[in-house]
Amino acid sequence: MTASFLARLWSTGAPIRLTTRDAVIESIEPAEVRGSIDDLEYVAPAFWDLQTNGREGISFADPAIDSEQVAWIVREHVKLGEARICPTLISATESATIAGLGAIALACRRHADVAAAVLGIHLEGPYLSTLDGYRGAHQAEAMRDPTWDEFERFQAAAEGAIAIVTLAPEREGSIEFIQRLSNAGVVVALGHTAADDETIDRAVRAGAKLSTHLGNGIASTLPRHPNPIWIQAGDDRLSASFIADGDHLDASTLRVLMRAKGDDRSITISDMSPLAGSPPGRYGSWEVTRSGKVIVAGTPYLAGSCRDQFDALAFMTEIVGVSLENAIRSMTVNPARLLGRPEPKLEPGEPANLVRFRAIVDSANRRTRVVRSRLTEDQEY
């Protein structure tokens, strides 16, 4: 199947003609446009998402999840314009975690499209802080100190697919654990942590590379400075992921933190909740509010997001003031670099994993209004 269309290139805004054949980019050529260039859609690589927990009541951490449910969630993300994702399991018992990991591994074995979309698995816990505020929506009773034997059981169940582990480095044995994970090629992220500057420094020197959803998973009342947010924000050895849904971080805070991390070390994640796509109401210990927030029922604590990467792109470019190019880099190029994977590119011979959208640029105010459009007709992951 062949398709050809005019569009504006995401990185430069230049008009191009892009042609695909059998879900592969065949050519990209400069194009002349009759009429206004502003009428053209933009085209960019489809998004990556390093942290997503499930959808419509199904959690990757649910011990009852099966491989077909995993495949359905992954395909729903593809429909949202996300080419590559890291299914994320939050803190749970060892048996529940192994069940979830096994279901993901089986889905990847059974379905080539699922295997192509799954970058790897993200374990967010169970090696996190048990302190209120810092643990967020994670259950305190599920937390524990890391052991290499348990991780090896996890990795065996995942068939080697665990790519990221988020932990609190103040837990006993964490520094040695970080070293072993790093030596094994697993990206170590710091999150849900009350660690001091010395402990964070030791963790980074041991191999930690990322701060998970920096600014969240932390107590609401902190010392003015220093505190774990500023310590990690100021450490140029760490990249940081951000939940850019407008709920987890206000625009000013996100603007400051992304400036601290810079254009190459800022990564946008959805942290999509297992309740994403669910109507308002209470679901066990969690609740979806009328405004679309997911919270631990009866508390102000957020429990993931209901918004996707397109929503994040719109929030960053229109409200936060991030350039369109850097916003897209934060959910394509930067996560690829963190994981040591080839960067998604719009070049002949590359997979036609594309998103198209309209964007109205307000140069005077350095803002861009992004309007969700559609996937390309021959989209295939």
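Residue numbers for the sequence shown follow my numbering, so the first one is -4 and each next one is one higher.
Cβ atoms here follow ideal geometry from the backbone N, Cα and C, with glycine treated the same way.
- Under the three-state reduction of DSSP, residue 270 is assigned to coil, being neither helix nor strand.
- A buried status is given to residue 339, since no fewer than 16 other beta-carbon atoms sit within 10 Å of its beta-carbon.
- Residue 125 holds the alpha-carbon nearest to the alpha-carbon of residue 87 among 66, 188 and 125.
- Of all alpha-carbon atoms in 346, 359 and 283, the one lying nearest the alpha-carbon of residue 111 is that of 346.
- Per DSSP, the unbroken beta strand (DSSP E) holding residue 81 starts and ends at 77 to 85.
- Three or more Cβ pairs closer than 8 angstroms define a contact, and the segment 7 to 16 falls short of that threshold against the segment 174 to 185.
- Contact between residue 117 and residue 158 holds: their C-beta atoms lie close to 7 angstroms from each other, under 8 angstroms.
- A check of alpha carbon separations from residue 226 across 239, 131, 198 and 241 identifies 198 as the nearest.
- As a beta-bridge residue in DSSP terms, residue -3 pairs with 16.
- For the pair residue 216 and residue 341, the Cα-to-Cα distance works out to about 44 angstroms.
- Taking 8 angstroms as the cut-off, the Cβ atoms of residue 195 and residue 236 do not count as close.
- The straight-line gap separating the alpha-carbon atoms of residue 96 and residue 358 is approximately 46 angstroms.
- A buried status is given to residue 137, since no fewer than 16 other beta-carbon atoms sit within 10 Å of its beta-carbon.
- Membership of residue 261 in the beta strand (DSSP E) is indicated by the continuous run 261 to 264.
- Taking the C-beta atoms as reference points, residue 214 is found no nearer than 8 angstroms to residue 185.
- Here residue 44 really is in contact with residue 304; their C-beta atoms are around 6 angstroms apart, less than 8 angstroms.
- Residues 258 of the same chain have their beta carbon placed closer than 7 angstroms to that of residue 321, with the five preceding and five following residues left out of the count.
- The C-alpha of residue 292 is placed about 8 angstroms away from the C-alpha of residue 279.
- Taking residue 152 as the centre and dropping the five residues before and after it, the same chain places the C-beta of 93, 96 and 97 closer than 6 angstroms to its C-beta, in chain order.
- The Cβ atoms of residue 129 and residue 140 do not sit closer than 8 angstroms to each other.
- In the DSSP assignment, residue 363 is bridged to 356.
- Note on residue 243: 16 or more other CB atoms within 10 angstroms of its CB, so buried under the neighbour-count rule.
- For the pair residue 312 and residue 363, the CB atoms are nearer than the 8 angstroms cut-off.
- Counting along the chain, residue 108 sits inside the alpha helix (DSSP H) bounded by residues 107 to 112.
- Residue 144: member of the alpha helix (DSSP H) spanning 143 to 152, first to last residue.
- Bridge pairing for residue 293: absent [DSSP].
- Here residue 142 is not near residue 163, since their CB atoms are 8 angstroms or more apart.
- In summary, residue 168 is exposed, with fewer than 16 beta-carbon neighbours lying within 10 Å of its beta-carbon over all protein chains present.
- Per DSSP, the beta-bridge partners of residue 276 are 283.
- In the structure shown, residue 72 falls within a helical segment according to DSSP collapsed to helix, strand and coil.
- DSSP places residue 251 in the helix class (H, G or I) of the three-state scheme.
- Looking only at 23, -2 and 18, the smallest Cα-Cα distance to residue 10 is reached by 23.
- Under the DSSP assignment, residue 234 falls in the beta strand (DSSP E) whose first and last residues are 234 to 238.
- With distances taken between CA atoms, residue 287 lies nearest to 275 out of 268, 275, 113 and 146.
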